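The listed protein sequences correspond, in order, to chains R and W.
Each step along the first sequence adds one to the number in the working numbering, with nothing skipped, and position 277 is 258.
Start counting at 1 in the second sequence, then tack on 17, and there's your number in the working numbering.
Even glycine gets a Cβ: it sits at the ideal position worked out from N, Cα and C.
These figures come from a predicted structure and were not determined experimentally.
One structure below.
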Amino acid sequence: MPVITYRDALNQALREEMQRDDRVFLMGEEVAVYQGAYKVSKGLLQEFGEMRVVDTPITELGFAGVGVGSAMVGLRPIIEFMTWNFAVLALDQVLNSAAKLLYMSGGQYNIPIVFRGPNGAALQLSAQHSQAFESWLGHIPGLKVVTPGTPYDAKGLLKSAIRDDNPVCFLEGEMLYNTKGEVPEEEYTIPIGKAELKREGEHCSIITNGKMVLVAMQVADQMAKDGIRVDVVDLRTVRPMDVEAIKASVEKTNRAVVLEEGWELCGIGAQVVDYIQRDCFDSLDAPVVRVHQADVPMPYAKNLERAAKPDAAKTIAAVRKVMYLD
Amino acid sequence: MATKVFMEALSPTMEEGRLVKWLKNEGDKITSGDPLAEVETDKAIMELVARGDGVLRKRLINEGESRPVGQLVAVIAAPDENIDALVAEAGGGAPAPAAAGAKPPADVVAKSQESAGATSVPQRPSESQGEASAPPQQKTAGTPPARVESSQNVPAAMPASAGNGGNGGPVRSSPLARRMASERGLDLSHMQGSGPGGRIIKRDVESAAASPQRIAASAAPPRPAMAGDTEDVPLTQIRKTIAKRLAESIGPIPTFYLTAEFDLTRVSEMRAAMLELGDEYKVSVNDILMKAVATALAQHPEVNAHWLGDKIRYHRRVHLGMAVATPDGLIVPVIFDADQKRMSEISREARDLAKRARDRKLTPEQYTGSTFSISNLGMFGIDQFTAIINPPEVAILAIGTAQDVVVPDADGVAVRKRIRVTMSCDHRAVDGAVGAAFLQTLRRLIENPLMLVY
């Protein structure tokens, strides 16, 4: 099976879906002539022309709104945000238009749109450009929120997102674009709303999503050396969340650590813990522990940034705690 | 509309059933016909199935407990349906407290009357009697005052999770630990917690369960007759690996075979001597072999076992299956508690079962529940053969024909009556040496048959 980057996996998904359905088009800052700020749209302008790969001015609210309007009249737009931090400007269109039109039109307008771009922290991009938005977006009924952590998941889920008749927020990662993984040549899609057990263990569940999946896998490798085998549950989709997968894992291991990129309060992990206490109460041998970003705007200083981010060492400490090893 | 789940009569003679294992959790969606629990009847382990759709809202008894036929054991209802009245009717739904749950059913009934009386709903007790038509329960319900006054019922009603520790404070424990303790009938208040602040956690319950002086739940209720008949031993890692590897190698049941030849000289002498006493003392070689096998099994529970996939169930009672050829095909009726029976009883029962098998008059109870089987083709002149294991049993003994064999002797050679047996063993559960040890015991018994009457 070919090993390709997360970036190329997304590129393949875009190309294949644009070939498959000529209503699909890509719009955003630098997506066409510059071939994408992170080169995700490389070669698409050449193949599909400027009617279907559209450069925009720096006007997030404006082009997100154009996207929603075009979806209302039958097109299937993919709106690229250079980062989700910039999409804050466009949230009115995401939350108030895209997410609610089907409901408020009494079912007359489906909005088959994908909003996509890198999410969360990279390296030293400081407070305004290092935010993880899955909990913000996951809060909104009417949206689907997808956070693939591997090239395979990125391609299969982006194809499903583009084919979905409702708005999907697709959260990528600047630090993920260069990561590599096996992606089959043949056509495949991954259903939205299905978690995957990325590692099978027995002693503790790590429930996570997005780029934290890579951290969880590191933890699993490292702890396996001490004979501690963890289940790594990659949620893949944050909304709708695969409660059954969480339940199956925690009922097996009796212990859980929830690892997320964002902040603690009202975070994804808070929701996961709620499902666990509701559905797995009698299976728990220890209180669930969460690993998340420190409750501060992301510092710029390298040492402070490192201290603020969730990482393998913090996750290992959490696993040891729920296993009563310390 | 709620569906009440009763302890059903799963065999014609069943008066009470022991709930071996819940197959559904509270909250699980249930469709009519779904197996809800495994229930041990007087003869076998059967499935209790749902008679309605909905969600399993409430389990009213714990694993390991027994209830008379007709008693409410669970409630299936819609997720939002109010089932409080039903639960109250069954005695307040006593499953979580280990102590209360282990009380015999009669006390639970009495308690429900007590609480019903306290809430001044006089018709409740008679309703619950009406629901459960089992005679033993009605009998108890007729004498409630004595039960209610009995002060020992009061502590029993306290949940184990709120039990007292040594210092009088509450016992802290994880939800899992509480569940495990309840399932195993252990009392948390006697355990030492190794978690933060003395919290009792999974490993504490496991070590308490493993320790030789297991502390049973307080109140020491009389155990039902069937409790302790089996012992479930979770598979060790090495056992799991052996099981997996060998199964891959040979098929669903990785079978190996052990053949031995036993000397029947003394068996023949014994038969002859008994026959001289009169016809009523006539026993066949097969009867003696069955008695010997049953006796050997009682000493080797490791082959008197069932393979259950994730565990091995060792049986402390010996229910000996005997393969019988009928015009319809093979059937294996069972001599229950064969190790406890005298040779004459085995002989009579074996003849009766074989006749019933040929007449197709066996009831299901008579051919289910065996813990080990034998197959004898001696009467067909077969020297030796291998038999197929009757799952979930882990071994079967194939018996060939008794014949005269020339064997070396102190004086040169002698002609002796000998018989060949071959044991087929499920290697997932039984290793070669374990099977061989059983055959060793069997040889000792057959070659010294007086031990069978010792």
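Between the region 23 to 33 of chain R and the region 66 to 79 of chain R, can you find at least three pairs of beta-carbon atoms closer than 8 Å?
no
Can you pull the chain R residues whose beta carbon is under 7 Å from the beta carbon of Ser301 of chain W, in chain order?
In chain order: nothing, as chain R lies at least about 53 Å away.
To the nearest angstrom, how far is the alpha carbon of Gly98 of chain R from that of Asp260 of chain R?
34 Å
Go ahead and pull the three-state DSSP assignment for Ala322 of chain W.
In this structure, Ala322 of chain W counts as strand in the three-state DSSP scheme.
Which chain R residues sit within Cβ distance under 7 Å of Arg84 of chain W?
Close to Arg84 of chain W, with beta-carbon spacing below 7 Å, lies no residue of chain R; the smallest spacing is near 22 Å.
Under the DSSP definition of a beta bridge, which residues are partnered with Met197 of chain W?
Answer is none; Met197 of chain W lacks a bridge partner.
Check each residue of the region 268 to 296 of chain R: if its Cβ is closer than 9 Å to any Cβ of chain W, include it; give the result in chain order.
Pro268
So for Phe389 of chain W, helix, strand or coil by DSSP?
strand
Measuring only between beta-carbons, confirm whether Ser186 of chain R sits less than 8 Å from chain W.
By the rule that beta-carbons nearer than 8 Å mark a contact, Ser186 of chain R does not touch chain W.
Whose Cβ in chain W lies nearer than 8 Å to the Cβ of Leu265 of chain R?
Ser191, Pro192 and Leu193
Taking the alpha carbon of Asp280 of chain W as the point to measure from, which residue in W:Ser441, W:Ala95 and W:Gly417 has its own alpha carbon closest?
W:Gly417
Whose Cβ in chain R lies nearer than 8 Å to the Cβ of Arg196 of chain W?
Annotation: Cβ neighbours of Arg196 of chain W in chain R (cutoff 8 Å, chain order): Asp263 and Ser264.
Following the continuous alpha helix (DSSP H) through Ser224 of chain W, name the residue where it begins and the one where it ends.
Lys219 to Ala227
As a quick exercise: from W:Gln420, W:Asp421 and W:Ile405, pick the residue whose alpha carbon is nearest that of Leu414 of chain W.
W:Ile405
To be precise: take each residue of the region 244 to 263 of chain R, compare its Cβ to all Cβ atoms of chain W, and keep it if any distance is under 8 Å. Which residues remain?
Listed by position along the chain: Asp260, Phe262 and Asp263.
Whose CA, out of W:Thr276, W:Ile259, W:Glu33 and W:Val222, lies closest to the CA of Gly454 of chain W?
In the sequence as displayed, the identity of residue 454 of chain W is Ala instead of Gly. It is W:Thr276.
To the nearest angstrom, report how far apart Ser364 of chain W and Leu292 of chain W are at their CA atoms.
14 Å
Determine, for Asn(-8) of chain R, whether the minimum Cβ-Cβ distance to residues of chain W falls below 8 Å.
Under the 8 Å criterion on CB atoms, Asn(-8) of chain R is classed as non-interfacial with respect to chain W.
Name the chain W residues that come within less than 8 Å of Asn147 of chain R, Cβ to Cβ?
Within 8 Å Cβ-Cβ: nothing; Asn147 of chain R doesn't reach chain W, min ~27 Å.
My guess is that Gly71 of chain W and Ile100 of chain W are in contact by the Cβ rule of under 8 Å, so how many angstroms apart are they, rounded?
The pair is not a contact, with the Cβ atoms about 10 Å apart (cut-off 8 Å).
Which residues in chain W sit within 8 Å of Tyr310 of chain R, going by Cβ to Cβ distance?
The structure shown has nothing for residue 310 of chain R, since chain R only spans -18 to 307.
Could you tell me whether any Cβ in chain W is nearer than 8 Å to the Cβ of Arg301 of chain R?
no
Mind checking which residues open and close the alpha helix (DSSP H) that includes Pro132 of chain R?
Pro132 to Arg144
Who does Pro172 of chain R pair with in a DSSP beta bridge?
Partner(s): none; Pro172 of chain R has no beta bridge.
Starting from the C-beta of Thr37 of chain R, find all residues in its chain whose C-beta is less than 7 Å away, skip the five residues before and the five after it, and write them out in chain order.
Met8, Gly9, Glu10 and Phe44
For Lys299 of chain W, name the three-state secondary structure that DSSP assigns.
Secondary structure of Lys299 of chain W (DSSP, three-state): coil.
Can you name the residues that DSSP bridges to Trp39 of chain W?
W:Ala54
So, helix, strand or coil for Thr157 of chain W, using DSSP?
With a pLDDT of 38 at Thr157 of chain W, under the threshold of 50, the predicted position of this residue should be treated as unreliable, and no value is reported.
Rounded to a whole number of angstroms, what is the C-alpha to C-alpha distance between Phe397 of chain W and Ala419 of chain W?
11 Å
To which residues of the same chain is Gly123 of chain R closer than 6 Å at the C-beta, ignoring the five residues directly before and after it?
Ala80 and Lys81
Determine whether the beta carbon atoms of Ala340 of chain W and Ser285 of chain W lie at a separation below 8 Å.
no
Strictly below 7 Å CB to CB, what residues from chain W border Asn235 of chain R?
Leu193 and Lys219
Closer than 8 Å is the cut-off here; do at least three beta carbon pairs connect the region 247 to 258 of chain W with the region 299 to 306 of chain R?
no
Does the count of Cβ pairs from the region 177 to 185 of chain R and the region 150 to 159 of chain R closer than 8 Å reach three?
no
Could you tell me how far apart the beta carbons of Leu139 of chain R and Leu26 of chain R are, in whole angstroms, since I believe they sit closer than 8 Å?
Rounded to whole angstroms, the Cβ separation of Leu139 of chain R and Leu26 of chain R is 18 Å, and the two are not in contact under 8 Å.
Could you work out which residue in W:Ser49, W:Glu80 and W:Thr20 is closest to Glu98 of chain W when comparing CA atoms only?
W:Thr20
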